[in-house]
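> Residue numbers (my numbering): 15 to 140.
Where a beta carbon is used, it is the ideal one built from N, C-alpha and C, also for glycine.
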Amino acid sequence: MLIPATIYENDKTAYYEHGGREQHGTENVKIFCTDAPDQFEWIRTNTKDIKTIPSKFLFRAGYEPNVSTYVGRIRAFGEVLVGKVNADSRSDGLYVVRKGNTKSFTTNYEVLAYKQQPDLPTIILR
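1. For the beta strand (DSSP E) that Q37 lies in, which residues bound it at each end?
2. By the DSSP assignment, the beta strand (DSSP E) with R89 in it spans what residues?
3. Tell me the DSSP bridge mates of N100?
4. Sorted by chain position, which residues of the same chain lie with C-beta nearer than 6 Å to V110's C-beta, five sequence neighbours on each side aside?
5. Apply the 10 Å Cβ neighbour rule to N100 and answer buried if 16 or more other Cβ atoms are within range, or exposed otherwise.
6. Closest to L108 by C-alpha separation, out of N60, C47 and N24, would be which residue?
7. Quick one: what does DSSP say K129 is sitting in, helix, strand or coil?
8. Closer than 7 Å by C-beta to Y29: which residues in its own chain qualify, once you throw out the five before and the five after it? Chain order, please.
9. Taking 8 Å as the limit between beta carbons, can you name the residues of its chain near N80, skipping five residues before and five after?
10. Are the beta-carbon atoms of I88 and Y123 separated by less than 9 Å?
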């Protein structure tokens with residue numbers, strides 16, 4: 015399972031949100047890579063419009079019962095913060111962690127999507 019997390023230079027810990035709190039892990043941390051970056055794109059959206067993104071394959075990540083979760087990001091506090099996007103629930107929005115705190119956003123974030131292409135890209139986890 016892929017869990018969107020924030021990593022920092024010279025820090026082997028991945029930081030992510032779960033249950034409204036910052037969690038972290040150092041085992042089995044992998045970096046998402048692809049040999050076809052042109053087949054992915056970041057789509058600007060918000061909590062309402064994410065459900066109407068046409069002709070796209072949103073990149074699923076994480077797991078929450080009865081909730082669609084995707085990879086998302088936002089530029090905030092002078093950095094790019096990566097996290098999970100919840101859709102189809104009471105807690106819709108982008109959830110990220112920063113300096114030990116959980117932040118949530120419902121407007122002006124981006125979600126990762128595959129572009130519709132005949133051949134799916136190769137995904138490599140390193």
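Taking the structure as given:
1. R35 to G39
2. S82 to A90
3. T83 and G107
4. L95, G97 and K117
5. buried
6. N60
7. coil
8. A19, T20, E36, H38 and V111
9. D102 and S103
10. yes
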